[in-house]
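Here is the structure we will look at.
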Amino acid sequence: MDGDLARIQVISPISIVVPTYKERENIPLVIERVRQLRERDGLDAELIFMDDMSRDGSIEAVEASGHDWVRIVERTEDRGLSPAVIDGFRNARNPVLVCMDCDLSHPPEKIPQMVYALSSGQQFVIGSRYVPGGSTDDDWGFFRWLNSRVATLLARPLTSVKDPMSGFFALRRKDFDRAQELNPVGYKIALELIVKCGFENVGEVPIHFTDRIHGESKLTLREQLKYIKHLRRLYLFRFANAMYLLQFLVVGMSGVVVNMAMLTLLLALGATPKLAIAGGIIVSVVSNFLLNRRFTFSYARDRNPLGQFAGFVGASAIGMIVNYALSVYLIENVLPETRSSIYIASLLGISAGMLFNFLGNRYVVFRK
Ligand code: GDD
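Its first residue numbered 2, the sequence shown is counted upward by one per residue in our numbering.
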């Protein structure tokens, strides 16, 4: 570790940010562990507790320590773990930022190694349970393990990091400062930063994750559901057009179901086939429009819906012409004269028409 420390001192001092909610009993333990690190390893670190009005004696516990390198910030607005961490980073005075839980499930003794990894070229370093050498306490039940693994798997297309769910990480202040559109919701602040800062070079230092002794976890089912919303936003950020196209296609498929349902209903009510077909088309176009406006292109929801509807119908009409023209061209000029050629041409035409339709909607009707 001596060699490590020599490198650490190049980029220290460090700000350790600890989000807290009702952690009075743990606060003195965290302060003591960091004090030992400062004294034994010479780590130049300030410690900032970001508390969301716990009103449980947390402030007094920090004041009782009497150290000038420890402080607590009482937050009164925008409560939550991730906003508290972001706020903490903005309050921090030092060029290296570390985030850590207050329940000592994250060993502070790993901080020097994490900071060393930063100084040797990593942009972001995670204290990780899932790299060789990392572990959790044995009494993690099957469901907690499964929960953590599924959450990690869902984030896989966004990052290849093994433990992006970890709340123990380090980064440089200058990298944090260039984070775009931070939208800190829920618990997964490390994932938010990796995606929004576009970190490519992420290191993982193995840690043993210890279960808390004092107090209880605040990770409720509500917080876990927020993760799904968070993921959708991150996917939209990272894979914008692919995500818009996917949602557009899902809405398009729902339109086929709506169309068929309306057709069946009108036929059952005694409408002529022509009227039933027209009714199915009209209702599905309206439902597609409403769903695309509500979900796919929700960023453009505050604009005039009538103008958008006209644009949507116009783009669909042009898409239909593209579909028809390409299908006929393929049949007449490219494909052999067989029955299956008609289906192939038609499917290619539909794909081209839909793509045209999508682009028209994305960049004209629902432009940003
Ligand atoms: N300021 C603030 N506001 N802090 C909060 C809030 C809040 O609303 N909710 C939780 N915290 C603090 C806790 O006091 C603790 O210090 C830290 O955030 C983590 O919260 P826990 O509720 O203890 O989390 P956990 O142990 O269930 O979750 C752990 O595992 C996750 C991965 O499985 C944590 O390590 C997470 O960081 C990690 O993402």
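All C-beta atoms in this analysis are idealised placements derived from N, C-alpha and C, irrespective of residue type, glycine included.
Margin query: Going residue by residue through the stretch 149-173, where are the continuous beta strand (DSSP E) segments of at least 3 residues, counting only ones entirely within it?
Written below: 170-173
Check: Would you say residue 93 touches ligand 1, meaning its beta carbon is less than 7 angstroms from a heavy atom?
Finding: Within the sequence shown, numbered from 1, the residue matching residue 93 stands at position 92. Because no heavy atom of ligand 1 lies under 7 angstroms away, the Cβ of residue 93 does not count as near it: no.
Check: In whole angstroms, what is the alpha-carbon distance linking residue 321 and residue 353?
Finding: The residue given as residue 321 occupies position 320 in the sequence shown. The residue given as residue 353 occupies position 352 in the sequence shown. Going by the C-alpha atoms only, they are around 9 angstroms apart.
Check: With burial defined as no fewer than 16 other Cβ atoms inside 10 Å of the residue's Cβ, what is the status of residue 334: buried or exposed?
Finding: Numbered from its first residue, the sequence shown carries residue 334 at position 333. Under this definition residue 334 is an exposed residue.
Checklist line | Meets three-Cβ-pair contact criterion under 8 angstroms: the stretch 160-180 and the stretch 93-107 | finding: yes
Item checked: DSSP beta-bridge partners of residue 100 -> Locating residue 100 in the sequence shown gives position 99, where the first residue counts as 1. Looking at the DSSP assignment, residue 100 forms a beta bridge with 18, 170.
Next item on the list: Check whether the stretch 126-137 touches the stretch 61-76, counting contact only when three or more Cβ pairs, one atom from each stretch, lie closer than 8 angstroms.
Entry: no
Note to self: Between residue 227 and ligand 1, is there a pair consisting of the residue's CB and a ligand heavy atom that are separated by less than 7 angstroms?
What the structure shows: For the purposes of this step, residue 227 is taken as residue 226 along the sequence shown, with counting starting at 1. Residue 227: no, Cβ never under 7 angstroms from ligand 1.
Margin query: ligand 1 and residue 160: does any heavy atom of the ligand fall closer than 7 angstroms to the residue's C-beta?
Written below: Here the question's residue 160 lines up with position 159 in the sequence shown. No, the Cβ of residue 160 stays beyond 7 angstroms of every heavy atom of ligand 1.
Next item on the list: Find out if the Cβ-Cβ distance for the pair residue 88, residue 80 is shorter than 8 angstroms.
Entry: The residue given as residue 88 occupies position 87 in the sequence shown. The residue given as residue 80 occupies position 79 in the sequence shown. No.
Item checked: Secondary structure of residue 54, DSSP reduced to three states -> Here the question's residue 54 lines up with position 53 in the sequence shown. Residue 54 falls in the coil class under three-state DSSP.
Next item on the list: Note the first and the last residue of the continuous beta strand (DSSP E) segment covering residue 73.
Entry: Within the sequence shown, residue 73 is the residue found at index 72, counting from 1. Note, residue 73: beta strand (DSSP E), 71-75.
Check: ligand 1 heavy atoms versus the CB of residue 16: any closer than 7 angstroms?
Finding: Position 15 of the sequence shown, counting from 1, holds the residue named residue 16. False, no ligand heavy atom lies under 7 angstroms from that Cβ.
Next item on the list: Please report how far the alpha carbon of residue 41 lies from the alpha carbon of residue 130, in whole angstroms.
Entry: The sequence position of residue 41 within the sequence shown is 40, counting from 1. The sequence position of residue 130 within the sequence shown is 129, counting from 1. So the two alpha carbons sit approximately 25 angstroms from each other.
Check: Tell me the DSSP bridge mates of residue 47?
Finding: Numbered from 1 along the sequence shown, position 46 holds the residue referred to as residue 47. Beta-bridge pairing links residue 47 to 16.
Notebook entry, point to check: Where does the unbroken beta strand (DSSP E) through residue 122 begin, and where does it stop?
Noted result: In the sequence shown, residue 122 corresponds to position 121, counting from 1. Residue 122 -> no beta strand (DSSP E), and no H or E assigned at all.
Check: With 16 other CB atoms within 10 Å as the buried threshold, where does residue 182 fall?
Finding: Within the sequence shown, the letter at position 181 stands for residue 182. With fewer than 16 Cβ atoms within 10 Å of its Cβ, residue 182 is classed as exposed.
Check: Going by other Cβ atoms of all chains shown within 10 Å of its Cβ, with 16 needed for buried, is residue 164 buried or exposed?
Finding: As a working note, residue 164 is residue 163 in the sequence shown. Buried, by the Cβ-count rule.
Notebook entry, point to check: Would the beta-carbon of residue 33 be found less than 7 angstroms away from any heavy atom of ligand 1?
Noted result: Mapped onto the sequence shown, residue 33 falls at position 32. Checking the Cβ of residue 33 against ligand 1 gives no.
Check: Is the distance from the Cβ of residue 126 to the Cβ of residue 253 below 8 angstroms?
Finding: Counted from its first residue, the sequence shown places residue 126 at position 125. Counted from its first residue, the sequence shown places residue 253 at position 252. Cβ distance not < 8 angstroms, so residue 126 and residue 253 don't count as in contact.
Checklist line | Any 3 or more C-beta pairs closer than 8 angstroms across the stretch 181-201 and the stretch 109-117 | finding: no
Next item on the list: Just the C-alpha distance for residue 300 and residue 45, rounded to the nearest angstrom, thanks.
Entry: Position 299 of the sequence shown, counted from the start, is the residue given in the question as residue 300. Position 44 of the sequence shown, counted from the start, is the residue given in the question as residue 45. Those two C-alpha atoms are separated by around 45 angstroms.
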